[in-house]
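>
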Amino acid sequence: MSVEVKDARAGVIERRSERLENRGLLITVFNDARLLVIALWLGAAVFFSAVVAPVVFTTLRELNVEHANHAAGSIVTRSLVTLNTSGFIAALLLLITAFAFRRGIKSSAFYLEIAALVVIALMTGIGQWVINARLLALRVAMGKPIDEVALGNPLRVQFNSLHGYSVAVFGVAILAAVVAFLLIARRRKAGKV
Numbered sequence: 791m792s793v794e795v796k797d798a799r800a801g802v803i804e805r806r807s808e809r810l811e812n813r814g815l816l817i818t819v820f821n822d823a824r825l826l827v828i829a830l831w832l833g834a835a836v837f838f839s840a841v842v843a844p845v846v847f848t849t850l851r852e853l854n855v856e857h858a859n860h861a862a863g864s865i866v867t868r869s870l871v872t873l874n875t876s877g878f879i880a881a882l883l884l885l886i887t888a889f890a891f892r893r894g895i896k897s898s899a900f901y902l903e904i905a906a907l908v909v910i911a912l913m914t915g916i917g918q919w920v921i922n923a924r925l926l927a928l929r930v931a932m933g934k935p936i937d938e939v940a941l942g943n944p945l946r947v948q949f950n951s952l953h954g955y956s957v958a959v960f961g962v963a964i965l966a967a968v969v970a971f972l973l974i975a976r977r978r979k980a981g982k983v
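Letter 111 of the sequence shown, counting from 1, is numbered 901 in the numbering used here, and no numbers are missing.
#1: Leaving out the 5 sequence neighbours to the left and right, which residues in its chain are closer than 6 Å to A880 when beta-carbon positions are compared?
#2: Give the straight-line distance between the Cα atoms of A958 and L815, rounded to the nearest whole angstrom.
#3: Exposed or buried, which one is A940 when buried takes at least 16 other CB atoms within 10 Å?
#4: With distances taken between CB atoms, is the gap from L952 to R924 smaller than 7 Å?
#5: Exposed or buried, L973, counting other C-beta atoms within 10 Å across all chains shown (16 or more means buried)?
#6: Quick one: grab the DSSP three-state call for P844.
#7: Mind the definition here: the segment 940-950 touches the segment 862-877 only if three or more C-beta pairs lie below 8 Å; say whether that holds.
#8: For a test of the three-state rule: what should DSSP assign to N950, helix, strand or coil?
#9: Roughly how far, in whole angstroms, is the beta-carbon of A970 from the beta-carbon of A906, given that I think they are within contact range, below 8 Å?
#10: Is it buried or exposed, N943, if we count other Cβ atoms within 10 angstroms and call 16 or more buried?
#11: Where does N859 sit, in a helix, a strand or coil, going by DSSP?
#12: Could you tell me if V983 is buried or exposed, where buried requires 16 or more neighbouring beta carbons within 10 angstroms of its beta carbon?
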């Protein structure tokens, strides 16, 4: 075998090794970005549910703010719009990117990740564009702050029922995000996307 052939083979092997290294770096960065996206949304959603919403209602009531529930509801609704919309977009982005570098991922883990991301997208979409839209329409139909509407009023009863669904749907989205986070982190730990 000539020296030129050996040098050519060595060059090919070296270039192949560099491509594999670059691919590994790309996979790591890609995976870190995916994990960051789900972690940020999950953290914001949990913080909102466990801290922001209860604190806003409690604080405004303790300060004897007139129409405290109405004011707190307005603040929470605006925050929820951001969380639902960002959760929907994040889930779609993560769904699309889940298919990149899929090779080597166990089918069951991959399909569970896809299912969790679909659940997040569905729950945040339903929460935002179905439930929240109806809640806002009911608030307008009441014609006055919710604090002034009797608990037995049919609009208030319907509002309270929808509010319960809103909380449940958002809770399901959070649980699905925990599953997605764990699966994406597991992918990252394995060095695969």
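Cβ atoms here follow ideal geometry from the backbone N, Cα and C, with glycine treated the same way.
According to the data block:
#1: V827, W831
#2: 40 Å
#3: exposed
#4: yes
#5: buried
#6: helix
#7: no
#8: helix
#9: 4 Å
#10: exposed
#11: helix
#12: Residue placement at V983 cannot be trusted, given a pLDDT of 42 that sits under 50; the coordinates are not used to answer.
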